[in-house]
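The structure under discussion appears below in the form of structure tokens.
Numbering (the working numbering), first residue to last: 77 to 344.
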């Protein structure tokens, strides 16, 4: 499994495409982290101290998803923890058990994925999270939040799926469209009116889209798996098709260009 996974990541890297992954355990990253450019900690493991310790030793950016209830405090707490040095039980590149010591990861962010309380991709949701990250960073900087003394940029990524899409993959383009309005500086307020969102637009540093070659999902068949699986269709969560993905990325590209244009004009 490790050899197959590494061969796949090598092939993707050879194409010049950065690899993103979810960190599920503290062992496999020791064999694959040199091929990883970004990673996520899932909603159900953001509170895990082991995963926070692992993130503190990663040499790439790591995002912590908000909890399944939609609360972002656990993700911000995870950022605080992972930014500091830790020591945990792990393995060496040769597979031997060892104590892994880390120096802390300065490249951390929150991933808004919605929750049982509803979506949280709106402009007001993002503004609130940016404010909370800033306040936590200020407390750390002045020494009242546990030390560290480093000011942290409030970086927020938005997951277009899961709770934000109400668990319907077909809603992902709608989520992205709303997010693109915010990125372009023309987001919607809580009462549905257009407002200036250029203050938070630069803090939106990425999106997550559940995408595959073909849309939908399928169960893993019993028996001859290869003969009955549909090519290019997810066997986990439902995904939008590649054609839909391209359209979403084009819209995102246009929103970023508009944001840059408006910010440049504002600076004079």
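Beta carbons are placed, not taken as given, at the ideal position from N, Cα and C, and that holds for glycine. Computed from a predicted structure; not experimentally measured.
**Request:** Under 6 Å Cβ to Cβ from residue 350, same chain only, skipping five residues before and after it: list those, please.
**Result:** Past the boundaries of the shown model lies residue 350; the chain is included only from 77 to 344, so the question cannot be answered.
**Request:** Could you check the C-alpha separation between residue 308 and residue 289 for me, to the nearest Å?
**Result:** 5 Å
**Message:** Rounded to the nearest angstrom, what separates residue 187 and residue 283 at their Cα positions?
**Reply:** 9 Å
**Message:** Assuming the contact rule is C-beta atoms closer than 8 Å, residue 280 and residue 202 should be a hit. Round their C-beta distance to whole Å, please.
**Reply:** 7 Å
**Closest by C-alpha distance to residue 334, when choosing among 257, 111 and 135** = 257
**Prompt:** For residue 276, which three-state DSSP category applies?
**Reply:** coil
**Message:** Rounded to the nearest angstrom, what separates residue 327 and residue 321 at their Cα positions?
**Reply:** Cα atoms of residue 327 and residue 321: separation of roughly 10 Å, rounded to the nearest angstrom.
**Message:** Give me the residue from 343, 230, 190 and 293 with the minimum Cα distance to residue 251.
**Reply:** 190
**Item:** Start-end ranges of the alpha helix (DSSP H) lying completely within the region 235-265, minimum 4 residues
**Value:** Correct list: 248-259.
**Message:** Taking its Cβ as the centre, do 16 or more other Cβ atoms sit within 10 Å of residue 303, making it buried, or is it exposed?
**Reply:** Classification for residue 303: exposed.
**Request:** Identify the continuous alpha helix (DSSP H) that holds residue 304 and give its terminal residues.
**Result:** 301-304
**Asked** Any idea what DSSP makes of residue 88, helix, strand or coil?
**Response** helix
**Request:** Decide if the region 141-154 is in contact with the region 101-119; the criterion is three or more beta carbon pairs, one per stretch, under 8 Å apart.
**Result:** yes
**Prompt:** With distances taken from CA atoms, which of 323, 85 and 128 is nearest residue 110?
**Reply:** 85
**Start and end residues, beta strand (DSSP E) containing residue 331** = Where residue 331 is concerned, there is no enclosing beta strand (DSSP E), although the alpha helix (DSSP H) it sits in stretches over 318-343.
**Item:** Helix, strand or coil at residue 289 [DSSP, three-state]
**Value:** In the three-state scheme derived from DSSP, where H, G and I count as helix and E and B as strand, residue 289 is classed as coil.
**Message:** Please return the same chain residues whose Cβ sits closer than 8 Å to the Cβ of residue 183, not counting the five positions on each side in sequence.
**Reply:** Excluding residues within five positions, the ones whose Cβ falls inside 8 Å are 136, 137 and 138.
**Message:** Comparing C-alpha positions only, which one of 193, 164 and 263 sits nearest to residue 148?
**Reply:** Of the residues 193, 164 and 263, the one whose Cα lies closest to the Cα of residue 148 is 193.
**Message:** If contacts are defined as beta-carbon pairs under 8 Å, then residue 77 and residue 146 qualify, I think. What distance do you get, rounded to the angstrom?
**Reply:** No, residue 77 and residue 146 are not in contact; Cβ-Cβ is about 34 Å, not under 8 Å.
**Prompt:** Short check: CB of residue 161 to CB of residue 178, under 7 Å?
**Reply:** yes
**Message:** If you measure between the beta carbons of residue 205 and residue 232, is that distance less than 7 Å?
**Reply:** The Cβ atoms of residue 205 and residue 232 lie closer than 7 Å to each other.
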